[in-house]
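Everything below concerns the one structure shown next.
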Amino acid sequence: MSRSSACFGLLLTLWLASGIALADSLSELPVAWQGRLLPLPEQDLSALENSVRQRIEKVRNALDVMLRDPAAEHDEIAEAWGKLGALSQVYLMHTAARIAFENAHRLQPNDFRWAYYLAWVELSLGDNQRALDLFGKAQKLRPDYAPLILRRAEALRGLERLDEARQLYLQALKRPGLKAAASAGLAQIALLQRDFQLAARLFRQALKIDPAADGLHYPLAQALLQLGQRRQARAWLAKPGSAPPRVDDPLIGELTALHHDARQYFHQAMLALRKQDYARSVERFEQGIAAGGDNPRAAISLARTRYLAGDKTGARAGLEAVVARHPDQALAWFLLGVLDDAEGREQQALARYRKTLALEPGHEGATLFLARALFRRKDYAGAAKYFDRLTSRNVEQAPVWLFDLVSHIGMREDSRVIRRRLETAVRKFPENPVFRSLLVPLLAASGNSQDRKRALALAEALAAARPIPPVHDLLARALAANGRFDDAAAYQQGIVDFARKRKTDNRQLVALESVLEAYHEHRSPPVAGMRAEAFSIPPVEPGAVFRNYQAARPY
Amino acid sequence: MTTKPTKRSDEHIAKVFRWSLLAVALLGALVASLVLIFDRDSSRAVREAVIEAPARQPKTSEANAPTLPFSDISDAAGIDFQHVTGAYGDKLLPETMGSGVAFFDYDQDGDQDLLFVNSNWWLDHAEGPGASSELYRNDGGGHFHKVTEEVGLKLSLYGMGVAIGDYDNDGWPDVFISALGENRLLRNDHGHFNDATEEAGVAGLASDWSTSSTFFDMDNDGDLDLFVGNYVTWSRKIDLEIDFRLAGLGRAYGAPNHHTGAVSRLYRNDGGHFTDITRSSGIAVVDKKSGRPVGKALGVMPFDVDRDGLTDLLVANDTVRKFLFHNLGGGRFEEIGSVEGIAYASNGKATGGMGIDAAYYLNNPDIGVAIGNFANEMTSFYATLDGMRPFVDEAAVSGLGAPTRLALTFAVLFLDADLDGWQDLFQANGHLESEIARVQPSQAYAQAPQLFWQCAQVDCPRRFLLADQIGDLGKARLVGRGAAWADIDGDGDLDLAISQNGRPGRLYRNDQRLGHHWLRVKLRDAAHRAIPGARVQLTANGVTQYRQVTRTHGYLSQSPLTLTFGLGEADSVAGVTVIWPDGAKQLLSVDGVDKTLVIDRSQP
Chain A
1011 MSRSSACFGL
1021 LLTLWLASGI
1031 ALADSLSELP
1041 VAWQGRLLPL
1051 PEQDLSALEN
1061 SVRQRIEKVR
1071 NALDVMLRDP
1081 AAEHDEIAEA
1091 WGKLGALSQV
1101 YLMHTAARIA
1111 FENAHRLQPN
1121 DFRWAYYLAW
1131 VELSLGDNQR
1141 ALDLFGKAQK
1151 LRPDYAPLIL
1161 RRAEALRGLE
1171 RLDEARQLYL
1181 QALKRPGLKA
1191 AASAGLAQIA
1201 LLQRDFQLAA
1211 RLFRQALKID
1221 PAADGLHYPL
1231 AQALLQLGQR
1241 RQARAWLAKP
1251 GSAPPRVDDP
1261 LIGELTALHH
1271 DARQYFHQAM
1281 LALRKQDYAR
1291 SVERFEQGIA
1301 AGGDNPRAAI
1311 SLARTRYLAG
1321 DKTGARAGLE
1331 AVVARHPDQA
1341 LAWFLLGVLD
1351 DAEGREQQAL
1361 ARYRKTLALE
1371 PGHEGATLFL
1381 ARALFRRKDY
1391 AGAAKYFDRL
1401 TSRNVEQAPV
1411 WLFDLVSHIG
1421 MREDSRVIRR
1431 RLETAVRKFP
1441 ENPVFRSLLV
1451 PLLAASGNSQ
1461 DRKRALALAE
1471 ALAAARPIPP
1481 VHDLLARALA
1491 ANGRFDDAAA
1501 YQQGIVDFAR
1511 KRKTDNRQLV
1521 ALESVLEAYH
1531 EHRSPPVAGM
1541 RAEAFSIPPV
1551 EPGAVFRNYQ
1561 AARPY
Chain B
70 MTTKPTKRSD
80 EHIAKVFRWS
90 LLAVALLGAL
100 VASLVLIFDR
110 DSSRAVREAV
120 IEAPARQPKT
130 SEANAPTLPF
140 SDISDAAGID
150 FQHVTGAYGD
160 KLLPETMGSG
170 VAFFDYDQDG
180 DQDLLFVNSN
190 WWLDHAEGPG
200 ASSELYRNDG
210 GGHFHKVTEE
220 VGLKLSLYGM
230 GVAIGDYDND
240 GWPDVFISAL
250 GENRLLRNDH
260 GHFNDATEEA
270 GVAGLASDWS
280 TSSTFFDMDN
290 DGDLDLFVGN
300 YVTWSRKIDL
310 EIDFRLAGLG
320 RAYGAPNHHT
330 GAVSRLYRND
340 GGHFTDITRS
350 SGIAVVDKKS
360 GRPVGKALGV
370 MPFDVDRDGL
380 TDLLVANDTV
390 RKFLFHNLGG
400 GRFEEIGSVE
410 GIAYASNGKA
420 TGGMGIDAAY
430 YLNNPDIGVA
440 IGNFANEMTS
450 FYATLDGMRP
460 FVDEAAVSGL
470 GAPTRLALTF
480 AVLFLDADLD
490 GWQDLFQANG
500 HLESEIARVQ
510 PSQAYAQAPQ
520 LFWQCAQVDC
530 PRRFLLADQI
540 GDLGKARLVG
550 RGAAWADIDG
560 DGDLDLAISQ
570 NGRPGRLYRN
580 DQRLGHHWLR
590 VKLRDAAHRA
600 IPGARVQLTA
610 NGVTQYRQVT
620 RTHGYLSQSP
630 LTLTFGLGEA
640 DSVAGVTVIW
650 PDGAKQLLSV
660 DGVDKTLVID
670 RSQP
């Protein structure tokens, strides 16, 4: 044998040996179990939190040992398969759940739980026929288990066997813990059969029993709409939700109870946040952090929610704690900057916005708020630098383009450059009257007759859409610029009359009359240059930022 | 000399806004008072429901769908299109969405040519030359020849959907391709395409992810306006940061609910240049609390839901409520999906809506709206009764509920597959995850397409039956996405093209031999242009069929404007009525069947 083939043989042996060592007895069943149980391949658990992973691995390892032990009790092994099935099901590994429950069922064919859970897996996957068959088998083991009635009804409804489903729902109506769900099921059938009166009554009945079942609001509204009760329907539509009616099902309750991890709390926190139930959201974030340990993203979300719940001090403290522990968290720095900005700590705000941008150069929030802060300081060059970054990304917010333009005006940029910027904004926001309104005086004052004609066309379009005095003022100027002083005077007269009627203060009235006089004298009134100082940026409102600023991963 | 605006003009601008606010407030008060006047139902206490004896549900028919063999002729017909997703392992959401397919007569030679849109490699992970969409020219007999390059359609972009329309009214159908990134408009200059995106102003933003789109005449002014659906606010950075994982599978394609929605766009055609009127038109739907866009549009269907002569828009959104944009005229729309019953499933949940189609499927004024949904969500089937809205989701009583629940459906298409005069429903299915069966045993990546035959017999009204004798189509396991129908070989029945995600495009020839008659109707206006938006009623054998003319059906795809009416056993047509988009009616008598009837607006 050559040396190379000997090496290859050694490598092959090592590879095979490592393979044997890696595969557990669940994925490669010991000979004694082959043909009696189904193998369960190892699962990629990287999506799960450590604590959940450990729980699953612990059960799997215990099973591994039991399957290798010829003396292990069948009942114990079945329990372990059942537990693994339950954990797999609640964490949505349905294939694994099906295999594990099937194995438990093979070992304990008379145990109702495994038959029921097997059916439950199919129902949750939408395979109603398999679910129905399996619930039927389960029923033979324990015909007195009341939730079976409802589960079979659900499967039958999914199979469009409505008469049979209805009969079972009617039976379920007599069971207290099933009444809300049974009413809702019957209501859904009534809705399908266009008996809207009955559907509405049944949905209301279900909601009376279980007011938290907000998933019923929408179908109830649909029934009411069909009955012509639009106002009531709209009231239900205004409270959308997706929660189904409660079902007292102890076995499913046991499954659900296994689902405890930080992510579940965070999910509930986000749901509460969307419903603006900030107190609950804070509570859930706190529980999630307690369950899952250090999680800077969740800590930032908690701070944001605290702010929205009115706990501004707690919000700041939370964010400060995050940046102390995780100085790479750009979002926390940005939100701290926003708080400083709102509280008048301008220098600190600027520093924190800059810190955010140092960590994440493309951070839109920090770019925008830094630009705004600099604009407020009348540092127009500084503001323009950051507004430019946003406009170069073609952002959709018209105010960004407006203040970018104004910043450049503040820098006393050449009027041709300003006009070019304005033209870009007009093209980008063809429906926005502000940019066109700003462009009209520029064009009207141009020496180019084509520009003046365009000013008139723009002003006429603006006036057609909004025939109000400020727009008529623009139109009058454009008319005058095109030599139509009498038409301009007519519009200006309307403005003056309106001002008199509204008892506008005398100084403004005099100014308006002097413009009118200019038109009567066939001259264009003087036009003052646009000043950046005339524009002010509204104050920072942290509530809006804390509520709306997107985090790709909120926990 | 350039003069700057005065401070006063700044004040005027502020006044403009104040006036606008006042106007809005007045309008709001007016609407509120109208609501109070017209909506006076009294509030009633909840009473215990009395359950009557079970009402009889419609009897399930003993009838079976006829044999409807569709033969896979892709290779024989010369279709060698291969879709490229660009997937390289990071599992980026756009890699799952596939792209569209269109039948249209680009060279005006009277037969339907075939365009498959392609996505692309990611720039930094290219495994080959830039992928291109492909155009295949039909020789009239159902054989195709690739002409992409010679007609100027060699495009390299991350393409999604396609809309066909003669936007410049020159009689030649133009092509709009939606994309991840900027969209393209290709003007058809007598069979050669030139990029007109910039001059038309319909590129959208580089950050947009556009999906289904449609040319339609929203204001009946004779030119085609353009709606472009946008999906979600997406970037590779966001996708990677979300790092979506499925237990049991690891890194996986994330659901859209991890991404913010996006505003779709509406462009008004102003004589060849388009003006973006998204904001003023009411198309931009934003969440009142967060101010963020609500929509996650994947499918769009232009349809005059209230038959007022103005085309409305139905939009299928993924995991958020569906929209019905009611066309108010004057370029304004109102979103009324919730009050019209199509926003959510009947359990109050938003489904993962993909493709959409609508039809007068019962040969009366009743409308059926089908929406393909995610796995474990049955296809939605919103229907009216006696022509009255709101819609009710009848999937669970129409025969569509149970058989569609497990499928992950993208395209849904109404077509009369057996030419019996009743529209059937086709759906293209396929999952997002290639290894989904590892965690969901009832799922597979490649799934069977489904054809539901409409059983219009006396004992099975309003019901569809899953056709199980459909030839190669039934045996196929596809990662289906877009789909389109057309008669590629002139034999009267409708054939199917289906796009797959990351797999070859397929072409299925309808080989039904039921001997049913048919009539094809092609409408042309006075200038011989095909204009969508008209409605056609055809009466044969005592049954009147209703159709609305549009190319947009399904998911990211387009079918011809020409209408195909199955006539069943009837060998004559009592009459055809055309209601043109401006409301004018034209009544025609028809001689003979099994032919194409060209109806000119100018014809008396």
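Protein chains in written order, with my numbering: chain A, 1011 to 1565; chain B, 70 to 673. For every residue, glycine included, the Cβ atom is placed at its ideal position computed from N, Cα and C. Because the structure is a prediction, the values reported are computed rather than measured.
Within chain C, partners of residue i - CB distance below 7 Å
i	result
Arg-1204/A	Annotation note: the requested chain C is absent from the structure, which comprises protein chains A and B.
Beta-carbon proximity check, residue i vs residue j, cutoff 8 Å
i	j	result
Ser-628/B	Phe-313/B	no
Phe-139/B	Tyr-577/B	yes
Val-662/B	Leu-636/B	yes
Thr-280/B	Tyr-300/B	yes
Val-153/B	Gly-169/B	no
Lys-418/B	Gly-1225/A	yes
Pro-1479/A	Ser-415/B	no
Arg-620/B	Leu-630/B	yes
Close Cβ partners of residue i (< 6 Å) along its chain, the five nearest in sequence each way excluded
i	result
Tyr-624/B	Gly-368, Met-423, Gly-424, Phe-479, Ala-480 and Gly-551
Leu-1071/A	Note that residue 1071/A is Asn in the sequence shown here, rather than Leu. The answer is none, since no qualifying residue turns up.
Leu-1196/A	Tyr-1179 and Leu-1212
Leu-254/B	Phe-245, Ala-265, Thr-266, Ala-269 and Val-271
Ile-539/B	Leu-137, Phe-139 and Leu-520
Chain A contact for residue i (CB, 8 Å cutoff)
i	result
Lys-358/B	yes
Lys-418/B	yes
Ser-349/B	yes
Asn-338/B	no
Tyr-175/B	no
Ala-555/B	no
Val-408/B	yes
Ser-238/B	One detail in the question is off: residue 238/B reads as Asn in this sequence, not Ser. Taking Cβ atoms only, chain A never reaches closer than 8 Å to Asn-238/B, which makes this a no.
Supposed close pair residue i, residue j - CB separation, criterion 8 Å
i	j	result
Val-216/B	Val-231/B	Contact doesn't hold; Cβ gap of about 16 Å is too wide.
Val-1450/A	Ala-1542/A	Not quite, the Cβ-Cβ distance comes to about 19 Å (not below 8 Å), so this is no contact.
Gly-400/B	Ser-350/B	5 Å
Arg-589/B	Leu-666/B	7 Å
Leu-469/B	Thr-448/B	5 Å
Close Cβ partners of residue i (< 8 Å) along its chain, the five nearest in sequence each way excluded
i	result
Lys-1093/A	Val-1069
Arg-1557/A	Arg-1314 and Leu-1318
Residue i at chain B interface by Cβ criterion, 8 Å
i	result
Thr-1105/A	yes
Ala-1057/A	yes
Pro-1548/A	no
Arg-1162/A	no
Leu-1135/A	yes
Pro-1440/A	yes
Gln-1560/A	yes
Arg-1273/A	no
7 Å Cβ shell around residue i - same chain, five flanking residues per side excluded
i	result
Ala-101/B	At Ala-101/B the pLDDT is 34, less than 50, meaning the model places this residue with poor confidence; the figure from the coordinates comes in the next sentence. Counting only Cβ-Cβ distances below 7 Å, and skipping sequence neighbours, we find nothing.
Glu-1038/A	Pro-1049
Arg-1464/A	Leu-1453
Arg-1382/A	Ile-1547
Thr-165/B	Tyr-322, Leu-501 and Asn-570
For the segment 1249 to 1266 of chain A, list every residue whose C-beta sits within 9 Å of some C-beta in chain B, in sequence order. Pro-1250, Gly-1251, Ser-1252, Ala-1253 and Pro-1254
Give, in chain order, every residue of the segment 496 to 525 of chain B whose Cβ lies closer than 9 Å to some Cβ of chain A. Ala-506, Arg-507, Val-508, Gln-509, Pro-510, Ser-511 and Gln-512
Listed in chain order, which residues of the segment 297 to 315 of chain B have Cβ atoms closer than 7 Å to some Cβ of chain A? Ile-307, Glu-310, Ile-311, Arg-314 and Leu-315
Using a Cβ-Cβ cutoff of 8 Å, what residues of the segment 465 to 493 of chain B are near chain A? List them in chain order. Ala-465, Val-466, Gly-468, Gly-470, Ala-471, Arg-474 and Leu-475
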